[in-house]
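As structure tokens, the structure follows; a few thoughts come after it.
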Amino acid sequence: VGRDIHDIALDLVGHVVEEGDSLITIYYGQDTKEEDAQALGREVASMFSDMDVEVQYGGQPLYYYLISAE
């Protein structure tokens, strides 16, 4: 819960990633600017430098981001 989407997404990634994961994929929704999603991706990549981070347009209408770690 919070007011800043970027900060909430960063916090979420910290909770989603588990030991053994090697890839984080961030799917951004139709109401999210690509520039904002790419900025989030860069910050996540700096937090988890040993993992691959991908940012993809998901186009979901209700969610700013869907985040997957595997």
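Numbering (our numbering), first residue to last: 254 to 323.
The C-beta atom is built at its ideal place from N, Cα and C for all residues, glycine as well.
8 Å Cβ cutoff met for residue i and residue j
{"i": "leucine 293", "j": "isoleucine 279", "result": "yes"}
{"i": "aspartate 260", "j": "alanine 322", "result": "no"}
{"i": "glycine 312", "j": "leucine 319", "result": "no"}
{"i": "aspartate 317", "j": "isoleucine 258", "result": "In the sequence as presented, aspartate is not what sits at residue 317; that position holds tyrosine. Yes. Within cutoff."}
Alpha-carbon spacing of residue i relative to residue j, whole angstroms
{"i": "glutamate 288", "j": "tyrosine 281", "result": "10 Å"}
{"i": "aspartate 303", "j": "valine 269", "result": "16 Å"}
{"i": "valine 308", "j": "threonine 285", "result": "12 Å"}
{"i": "glycine 267", "j": "alanine 290", "result": "17 Å"}
{"i": "aspartate 305", "j": "aspartate 264", "result": "18 Å"}
Three-state secondary structure assigned by DSSP to residue i
{"i": "leucine 265", "result": "helix"}
Beta bridge counterpart(s) of residue i as assigned by DSSP
{"i": "leucine 276", "result": "Asp305"}
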